[in-house]
Structures are given as C-alpha cells and as structure tokens.
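*Asks:* Residue numbers (this note's numbering), protein chains in the order written: chain A, 1473 to 1921; chain B, 15 to 271.
Yeah, the Cβ is synthetic: ideal placement off N, Cα and C, and Gly gets one too.
Before anything else, here's the structure in question.
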Amino acid sequence: MTKLASGKSETADVPGGDDASGRSWLEALRRAGADRFASVGYPTIKEEEWRLTNVTPIAKTQFVPATPQIDEEAIELAKRSSFGTDAVVELVFVNGHFAPSLSRAGKLPRGAIVGAFAQAADSPALQRHLGHVASISANPFVALNTGSMRAGAFVHIGKGINVELPIHLLFISTSPSEPTRSFPRVLAVAEENSQLTLVESFIGGSGMHFTAAVTEIVAANDSRIDHNHLHVGADEAYAVSALAARLGRASRFISHAATLGGKLTRNDLTVVLAGEGADATLNGLVIVGKQQHCDNHTLLDHAAAHCPSHELYKHVLDDRATCAFKGKILVRPDSQKTDSKQTCKSLLLSDDAQMNSQPALEIYADDVKCTHGSTTGPVDEEMVFYLRSRGVGLEAARHLLTYAFAADITRRIKVEPVRRRLEDFLAAQHGLPRDLRITDLGQHDEKAR
Amino acid sequence: MAFLEITNLHARVAAPGGRDILKGVNLSINAGEVHAIMGKNGSGKSTLVQVMAGRETYEVTEGTVAYDGKDLLELSAEERAREGVFLAFQYPVEIPGVSTSYFLKAAVNAVRKHHGKPEINTVAFLKLVKEKMALLKMDQSFMNRAVNEGFSGGEKKRNEIFQMAVCDPRLALMDETDSGLDIDALKVVANGAQSLRGPDRAILIVTHYQRLLNYIEPDFVHVMLDGRIVKSGDKNLALELEERGYDWVERQVAAEV
Chain A
1473 MTKLASGKSE
1483 TADVPGGDDA
1493 SGRSWLEALR
1503 RAGADRFASV
1513 GYPTIKEEEW
1523 RLTNVTPIAK
1533 TQFVPATPQI
1543 DEEAIELAKR
1553 SSFGTDAVVE
1563 LVFVNGHFAP
1573 SLSRAGKLPR
1583 GAIVGAFAQA
1593 ADSPALQRHL
1603 GHVASISANP
1613 FVALNTGSMR
1623 AGAFVHIGKG
1633 INVELPIHLL
1643 FISTSPSEPT
1653 RSFPRVLAVA
1663 EENSQLTLVE
1673 SFIGGSGMHF
1683 TAAVTEIVAA
1693 NDSRIDHNHL
1703 HVGADEAYAV
1713 SALAARLGRA
1723 SRFISHAATL
1733 GGKLTRNDLT
1743 VVLAGEGADA
1753 TLNGLVIVGK
1763 QQHCDNHTLL
1773 DHAAAHCPSH
1783 ELYKHVLDDR
1793 ATCAFKGKIL
1803 VRPDSQKTDS
1813 KQTCKSLLLS
1823 DDAQMNSQPA
1833 LEIYADDVKC
1843 THGSTTGPVD
1853 EEMVFYLRSR
1863 GVGLEAARHL
1873 LTYAFAADIT
1883 RRIKVEPVRR
1893 RLEDFLAAQH
1903 GLPRDLRITD
1913 LGQHDEKAR
Chain B
15 MAFLEITNLH
25 ARVAAPGGRD
35 ILKGVNLSIN
45 AGEVHAIMGK
55 NGSGKSTLVQ
65 VMAGRETYEV
75 TEGTVAYDGK
85 DLLELSAEER
95 AREGVFLAFQ
105 YPVEIPGVST
115 SYFLKAAVNA
125 VRKHHGKPEI
135 NTVAFLKLVK
145 EKMALLKMDQ
155 SFMNRAVNEG
165 FSGGEKKRNE
175 IFQMAVCDPR
185 LALMDETDSG
195 LDIDALKVVA
205 NGAQSLRGPD
215 RAILIVTHYQ
225 RLLNYIEPDF
235 VHVMLDGRIV
245 KSGDKNLALE
255 LEERGYDWVE
265 RQVAAEV
C-alpha cells in the first residue's frame, strides 16, 4: 500500500516546516553529521581520496537553501523525466523539497512503503537503518548531507514482496536567481527475499546549484535490488553523491550508474558484501565533454565468503573533460572464494581529454580470484577501417563506435525509460538515428557477468 | 582499358622508414573474370588487396589503379566501397555493441545513398538477408549478434562472404578467405563466393593454397613474389604450385634477370 497520501508539502531548511523533525533519534543523527562536518570541512586535494577532484569551487561559492517554490522549468523537467505509468510510484523532489503535486502514487503491494521522510518518520525501519549504512566519518559530504537532511525518500519492501515495476525518485535542481544547494537523502530497505527496482534520477536545470546526495541501501538475505542512478548534469551543476549498500546473505545487488555531463560530479559507491554468497554487479557510464569533470570511486568490500562481484565502468570523454575512476576491491581475511572482476574502459574523443584510472586491490584472504583491467584510448582504427570498407563514412563510423562503446552499458539496463533516455542522449549527441537500439544481449552479457 | 587496371603499383608501410612492400605490380582484370593471386607469406599479396580497399596504414608511392575508368587511389575507403569495391577481410574485426543487422543495413544504405536511391525498406532488407543467409547456411541469430563478436574463425569468414553477398559488389577482393576453415566450411564459403560470379563482377582471390580454387575456378592465376607479379597462367598454374611449391618460380625469375 502506498503511503504517499498526504498533500502536505515538506519544507526543508525552513525551521518548523519540517515535519520529520522533532524525533530525538533524527536530531541526534543530524547533530552528529553537522558536528563531523564542522570539524573536517570540505576535503582538499591534499587528501588521497580527493586528489583528483577539487571541490574548492563548491566551498567558495555561497550556496543558499532553495525555497520550496516550484517554477515552470522544474515542472517542465519533471514532466520530461517522468516515467509515467512505467513506474509504480514516482516521488519528485525539487531543489531538495518534496513536491507532492508532481509526484504520483501507484498501487504497491501490501507491505511495501514508498514515501517522503515526513510520512515515514515513525517507521522503525527508518530509525533502525537511516545513517547506519553510509558513514559520516568516511566522507565529509555524507556528514554534510546528514547534518542538513530534511526531505528524503524512504523505501521499505517487506519480507517476500516483489515490486515489479520500478520505483522512481526524481530529484530536480534549478536555480534561476542565486546559487542553491540541496541534500537529497534516500533509504531503501529490502527485507528478506524481497525484490525491487529503484531508480534515482538527478536532473539539473538552469543556474548554479550544488547537490550532495546520500543513498543508503539495505539488502536483507535473499533479496534482489536493481538500482539505477541517472545523473543528467547541467553546465553549472556541482553534484556529489554517496551510495552505500549493505548486502545480506545470498542477496543480489545490481547498480547501473550513469553520469551525463555536469560541471563537477563525484560519486562514491560503497558496497559491503556482508553475507555469504551476496552478489554485486556495478555498471557505470560517464559521458562528459567541454570542461566537465567526473570522478567515480567505488569500493567493493568483501566481508563474507563466496561472494562474486563484477564491475564495469565506461567513460566517454570529449573536449577538455577530465575523469577519474578509482575502483577498490577489499577482500577481508575470512572472505574465501571471493570472485571479483573489475574493468574500466575509457574512450578519448579528443587529445585534450584526460582520464585517470586507478584500480586498488587489498586482499587479505588466500583463496580468491580477483582481476582488474583498464584500457584508455581513442576510437579503434581497425574498427573504423572495417566500417569504412563497408561504405560507412569516417565521421559516422566514429560516432557509431562511440555509441556502441556506451551501448555496452546501456543495454544491460533493464529499466526501459532509463535505457531509452541514455540511448536517446547518445544518439542525439552523435546524430545517429533514434531507432539504433542495440539489442543483442546474449553472449556478450554471458561473458561480462 | 580493362575494368581494373593496376599499373606499376608501389606501396610501403605508412610510417617513418616504412618498409617497401609492393614494388611494381601490374595486373588487369576484366568484368566477369575471376583471378587468383598466390604466393608465399610476405610476398605482398594481402597488402595489394588492402591498398585497393583504401587501408591508410599503407602509402602508395608510385603507380596507378584505374577502376571502371576512375582513379581508385583518389577515393577514400568508404567511397570505394560505395563504388562497389568489397574486401573480405583475412582477420575480420569484432565490433562489440553494433549488431550485424544494423551494420549491414548501414552498409547497404551507404551504397544506395551514393547512387541516389532511397534507403532499403525493412521488408526488402529482411528478404535479402534471409536469402543470403540460406546461401551461406547461416543461422538467423547472427543478425542480432554484435559484429563478429565471439564468432569462431570459421564463422567470421562465413560472415565476410555473407556480407559480400548482401553488398553485391562489382569488385570483390577476398583476402585469404580460406585460411582457418575446415573442409565443410570451405565448401560453403566457396560456394557462396562462386554464386557471386557473374558477367558484371570481377573477383580477385588471394590465397596460399589451391584447395579453394577447386570450388571457385579462376580464369587466371598469378604468382606474387617480393612485391611483384612474376608469373601468370590459367588454373593449372595453381595445381602446379600446389605440387611443386614456389621455389621453382623463384629460380625461374632469378634466371630471367
């Protein structure tokens, strides 16, 4: 049953308007986050984890909390990014404020809850897990988010429940007048043997804005979660996100994370494989140009035995764009029979683009299989010649191969509206027909899995 | 002038200090004819067909290639393809993420557009593809697979001839299409190529071995040695080479100098 019933609007950053506040546990959580951030502040490039992403522009800009007003642009963006009936529930947040008027409640099975924090503040699961998966000490932006969080989304799928259609959380940022900030927060809990597909879309509109989002995911034993993170950055969008997931025994977690543009984007993805036989797949796609920057840090923390994990991140860089990828695999002492494979591939469309790829394996168990590989380079000239020898022009060949490079990720995405959005973006970028859908899934995926 | 007229063609590896590979190739081919070029490894026979297809890793330093009255060397690789030149690769390239179906449609339409024709409609395309797949005894699932990805060596070669059949070229260049094929696959591939034989089409086959030529009988056989064609004959020359090897040709050439 959906709990998105209240027509009340939540008003973050406005004292007294936040109806999830007043709970002492939540206040304590916020205070801890705020204190932590007050003591550590914004990270600098002197810190190893932030060496390649300079957040000084964020620290130096006077970002203010946005008012809960919803302008025309936000409505337009929400409309364009809506999944319509392809989502079972769609919660829309504009500049950090829950926007019930743009949201859509659907029919959820009994025992499944999707709602804004305001409506779920008394849920024991919220209290039990919020702030307990993502660590405020590991990442200053998690501390900042925790200290400032007001509105957020809570997803709770009860034992044995299968929610078939995707749950869509749509975060829209616009700031036509002055630079604004927002701190989206999501907690998704899949109880034992449940299934869910969660999509978080971060869509940037005009103006300068800064978003520091935190998503916590709890996958109980035997649960399955298909998580999709779509970030469409605007030219003046600063976005930092942290996703932390804890996987129980024999659970399965798939993450598809795509970043399209954005001035500065930093994503931290931490997955703890905490129960035996937990299975994690992380697929990532970054498409940047101009002087955009995107940095992805992933950590696969193998804390239990017999866990497979697969990671494939692909980057397409044009113009003077810069990207970093740091993929860490940590295999703890008792995590025998870990089977982890990490691949990072990057395509440089310009001589001025820069990629920094850094695998990091820390292995403390002896009976494990861990591999990593990284390739960075321009479009393959052999492939280009093959296409040209069949009559396809040079530019078209390069575009097609760029599309195909990215399609290797998009075709793995099961949520049709997400895949379509990415493919349309790619096709438009390269002047390719929209019906160019790469559907061959069979063998390649078998190999990649 | 013949349909294809290669005159004193010299080419080298396009790199500083690149090795000379073709050292004065002369060859004329008329429409309707099938020619085979044989020779040892490193004699330059693969380079010749790749230069003709427009591969930019080779640089032509001297000579001309006239194709249907046009200066072939002036055209880019894609323009040559659109004008009806087709190279069946010795080592077909894998293109992950591009389906064979899309790839072929792009190829067919590139040629059609060049000749001012509208894009092929889906029904006609499927009919064409089905017909040619049957010819090459290929499973229809090939169309939805990424180009050559995960294909066996034999499947890749078969796919080359399949593409050739779909693209319907006027000059078909086959670069060691027989290498790596077992005898059954060889028959299928050779029959596919044989079916392309026709009065408007010229076929040039590069091969090491005579066996392919049992199925697709050449009108002329040439021996390439050190970047030149040094001996030409009919199909019996291929049989003679199979039996006696290349050394006697080398000796004969040395004696002539």
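Where do the ends of the beta strand (DSSP E) carrying Lys1817 (chain A) lie?
*Replies:* Segment Asp1811 to Leu1820, the beta strand (DSSP E) holding Lys1817 (chain A).
*Asks:* Have a look at the DSSP bridge pairing and note the partners of Pro1537 (chain A).
*Replies:* A:Arg1653
*Asks:* Would you check if there are 3 or more beta carbon pairs closer than 8 Å linking the segment 1701-1712 of chain A to the segment 1733-1748 of chain A?
*Replies:* The segment 1701-1712 of chain A is in contact with the segment 1733-1748 of chain A.
*Asks:* Identify which residue in B:Asn173, B:Val244, B:Gly31 and B:Ala67 has its Cα closest to the Cα of Leu18 (chain B).
*Replies:* B:Ala67
*Asks:* Rounded to whole angstroms, what is the Cα-Cα separation between Lys119 (chain B) and Ile134 (chain B)?
*Replies:* Taking the straight line joining both Cα atoms gives about 8 Å.
*Asks:* Using only the alpha-carbon positions, how far apart do Leu1670 (chain A) and Asn123 (chain B) sit?
*Replies:* The straight-line gap separating the alpha-carbon atoms of Leu1670 (chain A) and Asn123 (chain B) is approximately 40 Å.
*Asks:* Under 8 Å, Cβ to Cβ, is there at least one residue of chain A near Ala199 (chain B)?
*Replies:* no
*Asks:* Suppose you measure from the CA of Val79 (chain B) to the CA of Thr21 (chain B); what does that come to, to the nearest Å?
*Replies:* When rounded, the separation of the alpha-carbon atoms in Val79 (chain B) and Thr21 (chain B) is 6 Å.
*Asks:* Report the rounded CA-to-CA distance for Val1536 (chain A) versus Glu1854 (chain A), giving the unit in angstroms.
*Replies:* Approximately 51 Å between the Cα atoms of the pair.
*Asks:* Along the chain, which unbroken stretches of the beta strand (DSSP E) at least 3 residues long are found entirely within the segment 1703-1758 of chain A?
*Replies:* 1709-1719, 1724-1733 and 1736-1745
*Asks:* Can you tell me which of the three DSSP states Phe17 (chain B) falls into?
*Replies:* coil
*Asks:* As a quick exercise: from B:Val63, B:Gly83 and B:Asp82, pick the residue whose alpha carbon is nearest that of Val74 (chain B).
*Replies:* B:Val63
*Asks:* Using a Cβ-Cβ distance cut-off of 8 Å, determine whether Glu1895 (chain A) contacts chain B.
*Replies:* no
*Asks:* Roughly how many whole angstroms lie between the Cα atoms of Arg1870 (chain A) and Ile1542 (chain A)?
*Replies:* CA-CA distance, Arg1870 (chain A) to Ile1542 (chain A), rounds to 41 Å.
*Asks:* Leaving out five residues on either side along the sequence, give the residues of the same chain with a beta carbon under 7 Å from the beta carbon of Leu140 (chain B).
*Replies:* none
*Asks:* Start and end of the alpha helix (DSSP H) containing Lys1800 (chain A)?
*Replies:* No alpha helix (DSSP H) holds Lys1800 (chain A); the beta strand (DSSP E) holding it covers Thr1794 to Val1803.
*Asks:* Between Pro30 (chain B) and chain A, is any beta-carbon pair separated by less than 8 Å?
*Replies:* No, because no Cβ of chain A sits closer than 8 Å to the Cβ of Pro30 (chain B).
*Asks:* Does DSSP put Tyr1785 (chain A) in a helix, in a strand, or in coil?
*Replies:* If DSSP states are grouped into helix, strand and coil, Tyr1785 (chain A) belongs with the strands.
*Asks:* Sort A:Lys1631, A:Glu1783, A:Asn1617 and A:Met1827 by Cα distance to Asp1507 (chain A) and report the nearest one.
*Replies:* Across the set A:Lys1631, A:Glu1783, A:Asn1617 and A:Met1827, the C-alpha of A:Asn1617 shows the shortest separation from the C-alpha of Asp1507 (chain A).
*Asks:* Taking beta-carbon pairs under 9 Å, can you tell me which members of the segment 83-95 of chain B lie near chain A?
*Replies:* So the close ones are Ser90, Ala91, Glu92, Glu93, Arg94 and Ala95.
*Asks:* Whole-angstrom Cβ separation of Val1527 (chain A) and Val1561 (chain A), contact assumed at under 8 Å?
*Replies:* Not quite, the Cβ-Cβ distance comes to about 33 Å (not below 8 Å), so this is no contact.
*Asks:* Leaving out the 5 sequence neighbours to the left and right, which residues in its chain are closer than 6 Å to Arg1718 (chain A) when beta-carbon positions are compared?
*Replies:* If the five residues before and after Arg1718 (chain A) are omitted, its C-beta is found closer than 6 Å to the C-beta atoms of Val1605, Val1690, Val1744 and Ala1746, all from its own chain and listed in chain order.
*Asks:* Taking 7 Å as the limit between beta carbons, can you name the residues of its chain near Asp1811 (chain A), skipping five residues before and five after?
*Replies:* Pro1780 and Lys1841
*Asks:* Using the three-state DSSP reduction, which class does Ala216 (chain B) fall into: helix, strand or coil?
*Replies:* strand
*Asks:* Listing by chain order, which chain A residues have their CB less than 8 Å from the CB of Ala67 (chain B)?
*Replies:* Ser1861
*Asks:* Just reading off the alpha helix (DSSP H) that Gln1599 (chain A) is part of, what are its end residues?
*Replies:* Pro1596 to His1601
*Asks:* Indicate whether His24 (chain B) and Lys37 (chain B) have their beta-carbon atoms separated by less than 8 Å.
*Replies:* yes
*Asks:* Can you give me the Cβ contacts of His1640 (chain A) inside the same chain, cut-off strictly under 6 Å, excluding the 5 residues immediately before and after it?
*Replies:* Hits under 6 Å: Phe1555, Ala1559, Glu1562 and Val1671.
*Asks:* Counting only C-beta atoms, is Leu101 (chain B) closer than 8 Å to chain A at any point?
*Replies:* Leu101 (chain B) counts as touching chain A.
*Asks:* Are the C-beta atoms of Ile109 (chain B) and some chain A residue less than 8 Å apart?
*Replies:* Yes, because at least one Cβ of chain A sits closer than 8 Å to the Cβ of Ile109 (chain B).
*Asks:* Against chain A, with Cβ distances strictly below 8 Å, would Ala207 (chain B) count as a contact?
*Replies:* no
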